[in-house]
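Student: If you count the sequence shown from 1, you need to add 6 to reach our numbering. Virtual Cβ for every residue (Gly too), placed ideally from N, Cα, C.
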Amino acid sequence: SIVGMAVKRQWILDNVKDEILFQIDDDVINLFDNTGLRSVKITDPDNLMAIIERAAIACNDAGAKQFGFSASTRLMWYKPQTPISLRHQCGAICGVIGRTVSYDTSIKCRGEDIDFCLSNLLRHKIIWIDTRYSFNARRWGGDGGNDVNRSAAREIEEKKYLKSKWGKYVSFEDGKKVNFVKLNIPK
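1) Using the Cβ count rule (16 or more neighbours within 10 Å means buried), how would you classify Lys166?
2) So for Asp121, helix, strand or coil by DSSP?
3) Between the alpha carbons of Glu59 and Ile191, how many angstroms are there, rounded?
4) For a test of the three-state rule: what should DSSP assign to Asn190, helix, strand or coil?
5) Taking the alpha-carbon of Asp20 as reference, which of Thr111, Pro86, Ser76, Asp31 has the nearest alpha-carbon?
6) Do you know offhand how far Asp50's Cα is from Asp39's?
7) Determine whether the beta carbon atoms of Phe1 and Ile99 lie at a separation below 8 angstroms.
8) For a test of the three-state rule: what should DSSP assign to Glu25, helix, strand or coil?
9) Between the Cα of Cys65 and those of Gly104, Met82, Leu54, Ile35, spot the shortest distance and give me the residue it belongs to.
10) May I ask which residues mark the beginning and end of the beta strand (DSSP E) holding Ser170?
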């Protein structure tokens, strides 16, 4: 039976035979261009596809096997002098080239993307994150997706598991509205 996001994502990797795969969570609602004075919503399907395809090509050319986009639509976090990040996590919007890393299917709730990113960083040294664009998601807000597996207790348990598995390479910071994850893989 397919229970938990890691099991679902791994099933997709195992059963979709395309070399490049891009997964978008069901709670993603918009894509924004962060390069101007204000974030601009991108709605044209051809433009959306072109942005994803260009990121996949750049990722592949760089020798990376995972790519994504910024998770924040807050312009204050966008750094135009470094529009590409090579060390950050991607989760709700994640592209994979090839099948060199697997999901840890024991993770049911929160950390499957963190673990997958750390595995990719360990093996390939970079994850291609194009911060010029960001996907906006409604997180933790409603029914569906992985809600059946989610609880405060399970989230704490999985953070402890990730900390025991990855040690100094992962840290968690609980903010007022957002939980931050820091990946600490050396360059």
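Tutor: In brief:
1) exposed
2) helix
3) Taking the straight line joining both Cα atoms gives about 27 angstroms.
4) coil
5) Thr111
6) 12 angstroms
7) Residue 1 falls outside the range modelled here, since the chain spans only 7 to 193, and no answer is possible.
8) coil
9) Gly104
10) DSSP places Ser170 outside any beta strand (DSSP E); the residue lies instead in the alpha helix (DSSP H), whose first and last residues are 158-172.
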